[in-house]
Amino acid sequence: MVARSSEVRSSAVRHSASQGAGGRRRRGAGRLAGLGLGGAALLVLLTGCDVGKTFGGFGWPQGGITPEAHRMYDLWIASCIAALAVGVFVWGLIFWCVIRYRKRGNELPVQTRYNLPMEFLYTIAPILVVSVLFYYTAVVQTDVNKLTKNPDMTVEVVAFKWNWQFNYRDGQGRDANTVASVLGTSDVIPVLVLPSGRSIRFEEQSRDVVHSFWVPELLFKRDVFPGNVRNVFEVSSIDQEGAFVGRCAELCGTYHAFMNFEMRVVSPQKFDQFLAEKKAGKSTQDALTAIGEKPYATTTEPFDTRRTTNNFNPTDASAGAGS
Ligand SMILES: [Cu+2]
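Numbering-wise, my numbering comes out as the position in the sequence shown, counting from 1, plus 17.
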């Protein structure tokens, strides 16, 4: 009898203790919600300022010059803010648990095997986060890859070991004709002259191995494939005039690092004049001078290949054979 009454008493104590814990839990949840709201308000405040600029673009290159580049940049910044918000929330929960449920004595806390609302939450929350990120990524990616029927101009990018040729075309696809061309050599950096404010279609083709067309300010690069693959992309406009260095971004052989070019963005009027000069048979350098632009690349220069008859294609085979 005695034993039974003590059992009853101890179960009553447990019951009232769990009620007290429930009240504390509710207060804790309220505090957590307040913390979350405060964090959200802080985020909104920060978004008001240029968060990207403040934090150096979170590692993403800044200074894009096309609407597509701005959209990709915005997606990256928004993703970083979302990741940080989730991170702060999780860190908050961890520290809250560490402090709130620290060891206070030898009595074991309530041992719960499962908690349905919690399990529901941590299954649904990541799915929601991934879905939102996926949605915005798909929207921006579709936008960046979008091809229009009638871009203002088409330029064919031909890559080869280890330089570039840029062909101005009178239409789209393989059947169109080249109306003017810029060819790079070991001594002269090819200058790809483009107009600002016009939509441009790039059609890429390689003569040998895989290269990659990359102008950092486009925040975009695309592989250039040999064979039948004609990689195509468009920019809806280039918003800033000036000279921008371009590079090959795919390791393509010995002189891969030498495959530089320059993208020179000029006003549409200047561009039309440049194309007319080229069509009339002038060299790229003369045509650039004619429109009041510097004739040679200003952002990069030809590398010294250090080729001599002794170290490159020696006529005497034994010269390079060693001993
Ligand atoms: Cu290359």
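In this text, a Cβ means the ideal position worked out from N, Cα and C, and glycines have one as well.
Check: Glu267 C-beta below 7 Å from any heavy atom of ligand 1 | Taking the sequence shown and counting its residues from 1, one reaches residue 267 at position 250. Yes, the beta carbon of Glu267 sits closer than 7 Å to at least one heavy atom of ligand 1.
In three-state DSSP terms, what is Cys269?
-> As a first step, residue 269 is located in the sequence shown; it is residue number 252 there, counting from the start. Three-state DSSP puts Cys269 in coil, outside helix and strand.
Beta-bridge pairing of Leu209 - partner residues as DSSP gives them = Here residue 209 is taken as the residue at index 192 of the sequence shown, counted from 1. Leu209 is bridged by DSSP to Met280.
Tell me whether Tyr185 is buried or exposed, calling it buried when 16 or more other Cβ atoms sit within 10 Å of its Cβ.
-> Translated into positions along the sequence shown, residue 185 becomes position 168. Label assigned to Tyr185: buried.
So which of Lys287, Glu318, Pro319 has the shortest CA-CA distance to Thr306?
-> The residue you call residue 306 lines up with position 289 of the sequence shown. Checking every option, the nearest Cα to that of Thr306 belongs to Lys287.
How many Å lie between Gly309 and Arg215 at the Cα?
-> By one-based count along the sequence shown, residue 309 stands at place 292. By one-based count along the sequence shown, residue 215 stands at place 198. When the Cα atoms are used, Gly309 and Arg215 turn out to be separated by approximately 20 Å.
Coil, strand or helix - Arg306 by DSSP | What you label residue 306 is simply residue 289 of the sequence shown in a count that begins at 1. According to the sequence shown, residue 306 is Thr rather than Arg. If DSSP states are grouped into helix, strand and coil, Thr306 belongs with the helices.
Length of the line joining the Cα atoms of Phe151 and Val107 = Residue 151 sits at position 134 when you count from the first residue of the sequence shown. Residue 107 sits at position 90 when you count from the first residue of the sequence shown. Cα to Cα, Phe151 sits roughly 21 Å from Val107.
Proximity to Glu221 [Cα-Cα], best of Leu236, Leu292, Gln182 = Walking along the sequence shown from the start, residue 221 turns up at place 204. The shortest C-alpha separation from Glu221 is found at Gln182.
Examine ligand 1 and report whether any of its heavy atoms sits within less than 7 Å of the Cβ of His87.
-> Your numbering for residue 87 matches position 70 in the sequence shown. The nearest non-hydrogen atom of ligand 1 is 7 Å or more from the C-beta of His87.
From Met276, Thr83, Arg119, pick the residue whose C-alpha is nearest to that of Leu200; which is it?
-> Mapped onto the sequence shown, residue 200 falls at position 183. Nearest option by C-alpha distance: Met276.
For Gln79, the three-state DSSP class (helix, strand or coil) = Against the sequence shown, residue 79 aligns to sequence position 62. The three-state secondary structure of Gln79, taken from DSSP, is coil.
Could you pull out every residue in the same chain whose Cβ sits closer than 8 Å to the Cβ of Ser294, ignoring the five residues on either side in sequence?
-> On the sequence shown, position 277 is the one that residue 294 refers to. It is worth fixing the name first, because residue 294 is Glu in this sequence and not Ser. Hits under 8 Å: Asp303, Ala304, Ala307, Ile308.
Taking Arg13 and Val210 to be in contact with their CB atoms under 8 Å, please state how far apart those CB atoms are, rounded to whole angstroms.
-> Residue 13 is absent from the structure shown; the chain starts at 18 and stops at 340.
So, do the segment 164 to 171 and the segment 260 to 274 have three or more beta carbon pairs nearer to each other than 8 Å?
-> no
On the three-state DSSP scale, how would you describe Asp321?
-> The residue you call residue 321 lines up with position 304 of the sequence shown. Taken through DSSP and simplified to helix, strand or coil, Asp321 comes out as coil.
Should Ala314 and Ile206 be called a contact, given that it needs their Cβ atoms to be closer than 8 Å?
-> The residue labelled residue 314 in the question sits at position 297 within the sequence shown. The residue labelled residue 206 in the question sits at position 189 within the sequence shown. In this structure, Ile206 lies closer than 8 Å to Ala314 by Cβ.
Local Cβ density within 10 Å of Ile255, reported as buried at 16 or more and exposed below that | Position 238 of the sequence shown, counted from the start, is the residue given in the question as residue 255. Buried.
How should Asn180 be labelled, buried or exposed, when 16 other C-beta atoms within 10 angstroms of its C-beta is the threshold for buried?
-> What you label residue 180 is simply residue 163 of the sequence shown in a count that begins at 1. Buried is the call here.
Please confirm whether any heavy atom of ligand 1 lies closer than 7 Å to the CB of Trp77.
-> What you label residue 77 is simply residue 60 of the sequence shown in a count that begins at 1. Closer than 7 Å to some heavy atom of ligand 1: that does not describe the Cβ of Trp77.
Within the same chain, show all residues whose beta-carbon is closer than 8 Å to that of Pro243, passing over the 5 residues directly before and after it, in chain order.
-> Along the sequence shown, read from residue 1 onward, the residue named residue 243 stands at position 226. Within the same chain, and ignoring the five residues on either side of Pro243 in sequence, the residues whose Cβ sits closer than 8 Å to its Cβ are Gln222, Ser223, Arg224, Asp225, Val226, Val227.
Alpha carbon to alpha carbon, how far is Arg121 from Pro143?
-> Start at 1 with the first residue of the sequence shown, and residue 121 comes out as number 104. Start at 1 with the first residue of the sequence shown, and residue 143 comes out as number 126. Looking at the two C-alpha atoms, the distance is approximately 33 Å.
Beta-carbon separation (whole angstroms), Thr301 vs Val208, contact threshold 8 Å | Locating residue 301 in the sequence shown gives position 284, counting from the first residue. Locating residue 208 in the sequence shown gives position 191, counting from the first residue. About 6 Å; that satisfies the 8 Å criterion.
Alpha carbon to alpha carbon, how far is Gly73 from Val156? Give it in angstroms, no decimals.
-> Taking the sequence shown and counting its residues from 1, the one referred to as residue 156 is at position 139. Taking the sequence shown and counting its residues from 1, the one referred to as residue 73 is at position 56. Their Cα atoms are separated by approximately 24 Å.
Where does Ala314 sit, in a helix, a strand or coil, going by DSSP?
-> By 1-based counting over the sequence shown, the position of residue 314 is 297. DSSP places Ala314 in coil when its eight states are reduced to three.
If you measure from the beta carbon of Leu164 to each beta carbon in chain C, is any gap under 8 Å?
-> Going by chain labels, chain C is absent from the structure shown, which holds only one protein chain.
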